[in-house]
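Chemist:
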Amino acid sequence: MKAVIVAAGMSTRIKSVVKDLPKSLIEVGDRSLLMRSIENLNSVGIDEIAIVVGHEFKKIESHLGNLVTYVHNPWYATTNNMGSLWFARHFVEDDEFLYLHADLLYARNLLQFCIDKKEGAIVLLVEKKECVPEDMKVLVSGERFIESSKEIPLNKAFGEWTGITKFNAEGGQKMFDEIRSLLYEGQFTVYDTAAFNNLAQKGVDIRVVLTQGLPWIEIDYPEDLEIALNEIFPRIQNQ
């Protein structure tokens, strides 16, 4: 199994804190978010890792050296995470892979939950919770994924997608095919969830697996970083 981490974004929502530093290089404890993800992936047996870079890519490459394969998104300023994932298709080839957002701090056992889930061509790691408007909310039927969007009404949301997903070989191929179609349509700025939603409507077997209360956070805003440092990281250390 391989892994793809998308880290090309411009970190505009947390610019006041990170300045010109890529958000993925924020240090929590003594290591960056990216380094922690790499170590987490290594701990579950994954050492073929690609980082999709764009904004301030030289800083990421200098930080990580030869630990990973670098994939460049030359249009990082005008695409979203779905566009970044597209550029990793040649790295993935026909293999299973884990897909992660770069701005995550999470307990490493969450990766194993995804790996262990055998049903589904695509498996999204989801926290069952009461959501807030900014969350990437998820609708499910049983353990089958129906839709993910920030626009899902709060009273209908099952929980929040963590930004971590597993693709088997079939699921990965269908994902890249769907991304190709969306990009051909000019959908450059949509989230990766747009492809998930289309695939679910086409009958692709997409499942969810739950976080089971283990800690995680996606760091988009300065207040997220405060929560990561003061609440999530201490819990992770105690796992």
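Just so we're aligned, residue 29 is where the sequence shown starts under our numbering, counting upward by one. Heads up, the beta-carbon is just placed ideally off N, CA and C, and yes, glycines get one too.
Assess contact between the stretch 81-88 and the stretch 37-46, defined as three or more Cβ pairs (one per stretch) separated by less than 8 angstroms. Is contact present?
Modeler: Output reads yes: the stretch 37-46 touches the stretch 81-88.
Chemist: Thinking just about the alpha-carbon of each residue, which of I264, E162, I255 and L92 is nearest to the one in L242?
Modeler: Taking the first residue of the sequence shown as 1, we reach residue 242 at position 214. Of the listed residues, the one whose Cα sits closest to L242 is I264.
Chemist: Between the C-alpha atoms of N94 and K184, what's the straight-line distance to the nearest angstrom?
Modeler: Residue numbering aside, residue 94 sits at position 66 when the sequence shown is read from its first letter. Residue numbering aside, residue 184 sits at position 156 when the sequence shown is read from its first letter. Their backbone Cα atoms lie some 45 angstroms apart in a straight line.
Chemist: Spell out the partners DSSP gives L132 in its beta bridges.
Modeler: Here the question's residue 132 lines up with position 104 in the sequence shown. Answer is E246, bridged to L132.
Chemist: Can you list, in chain order, the residues of its chain with a C-beta nearer than 8 angstroms to that of L253? Leave out the 5 residues immediately preceding and following it.
Modeler: Along the sequence shown, one-based indexing puts residue 253 at 225. Cβ within range, chain order: I42, V45, I54 and I247.
Chemist: Among residues of its own chain, excluding the 5 on either side of M164, which ones have a beta-carbon nearer than 7 angstroms to its beta-carbon?
Modeler: For the purposes of this step, residue 164 is taken as residue 136 along the sequence shown, with counting starting at 1. Cβ within range, chain order: S176, K178, E188, W189 and T221.
Chemist: Between I174 and L238, what straight-line distance do the alpha-carbon atoms span, to the nearest angstrom?
Modeler: In the sequence shown, counting from the first residue as 1, residue 174 sits at position 146. In the sequence shown, counting from the first residue as 1, residue 238 sits at position 210. Taking the straight line joining both Cα atoms gives about 15 angstroms.
Chemist: Suppose the cutoff is 7 angstroms on Cβ atoms and the five residues either side in sequence are ignored; what does the same chain contact list for V168 look like?
Modeler: In the sequence shown, the residue the question calls residue 168 occupies position 140. Cβ within range, chain order: I174, F186 and V236.
Chemist: Which ranges would you report for the alpha helix (DSSP H) in the stretch 129-193 if only whole runs of at least 4 residues count?
Modeler: 137-144
Chemist: Among residues of its own chain, excluding the 5 on either side of I150, which ones have a beta-carbon nearer than 6 angstroms to its beta-carbon?
Modeler: As a working note, residue 150 is residue 122 in the sequence shown. Excluding sequence neighbours, I150 sits near F195, G199 and I234.
Chemist: What whole-angstrom Cβ distance do L132 and G191 have, given they're in contact under 8 angstroms?
Modeler: Taking the first residue of the sequence shown as 1, we reach residue 132 at position 104. Taking the first residue of the sequence shown as 1, we reach residue 191 at position 163. Confirmed, about 6 angstroms.
Chemist: Would you report the Cα separation of G111 and L152, rounded to the nearest angstrom?
Modeler: In the sequence shown, counting from the first residue as 1, residue 111 sits at position 83. In the sequence shown, counting from the first residue as 1, residue 152 sits at position 124. Their Cα atoms are separated by approximately 19 angstroms.
Chemist: Quick one: what's got a C-beta closer than 7 angstroms to Y98's C-beta in the same chain, skipping five residues either side?
Modeler: The count along the sequence shown starts at 1 and reaches residue 98 at position 70. So the qualifying residues of the chain are I79, V81 and E89.
Chemist: With which residues is E279 paired in a DSSP beta bridge?
Modeler: Summary: the structure shown does not reach residue 279, with the chain confined to residues 29 through 267, and so no result is reported for it.
Chemist: Give the range of the beta strand (DSSP E) segment to which H100 is assigned.
Modeler: Position 72 of the sequence shown, counted from the start, is the residue given in the question as residue 100. Per DSSP, H100 belongs to the beta strand (DSSP E) from T97 to H100.
Chemist: In this structure, does DSSP put L69 in helix, strand or coil?
Modeler: What you label residue 69 is simply residue 41 of the sequence shown in a count that begins at 1. Of the three classes helix, strand and coil, the one that applies to L69 here is helix, per DSSP.
Chemist: Report all residues from its chain with a CB closer than 6 angstroms to the CB of Y104; omit the five preceding and five following residues, and keep chain order.
Modeler: Taking the first residue of the sequence shown as position 1, residue 104 is located at position 76. If we look at Y104 and ignore the five residues flanking it on each side, its Cβ neighbours are A36, G82 and H83.
Chemist: Please classify P161: is it buried, with 16 or more other beta-carbons within 10 angstroms of its beta-carbon, or exposed?
Modeler: Within the sequence shown, residue 161 is the residue found at index 133, counting from 1. Exposed, because fewer than 16 other Cβ atoms sit within 10 Å of the Cβ of P161.
Chemist: Mapping the DSSP letters down to three states, classify E121 as helix, strand or coil.
Modeler: Position 93 of the sequence shown, counted from the first residue, corresponds to residue 121. It is coil, neither helix nor strand.
Chemist: Do I66 and V96 have their C-beta atoms within less than 8 angstroms of each other?
Modeler: Taking the first residue of the sequence shown as 1, we reach residue 66 at position 38. Taking the first residue of the sequence shown as 1, we reach residue 96 at position 68. Taking 8 angstroms as the Cβ cut-off, I66 and V96 qualify as a contacting pair.
Chemist: In three-state DSSP terms, what is Y127?
Modeler: Mapped onto the sequence shown, residue 127 falls at position 99. Here Y127 sits in strand by DSSP.
Chemist: Suppose contacts are defined by Cβ-Cβ distances below 8 angstroms. Is R136 in contact with S71 by that definition?
Modeler: One-based indexing of the sequence shown puts residue 136 at position 108. One-based indexing of the sequence shown puts residue 71 at position 43. Going by C-beta atoms, R136 is nearer than 8 angstroms to S71.
Chemist: Where does the unbroken alpha helix (DSSP H) through A223 begin, and where does it stop?
Modeler: For the purposes of this step, residue 223 is taken as residue 195 along the sequence shown, with counting starting at 1. T221 to Q229 is the span of the alpha helix (DSSP H), which, as asked, contains A223.
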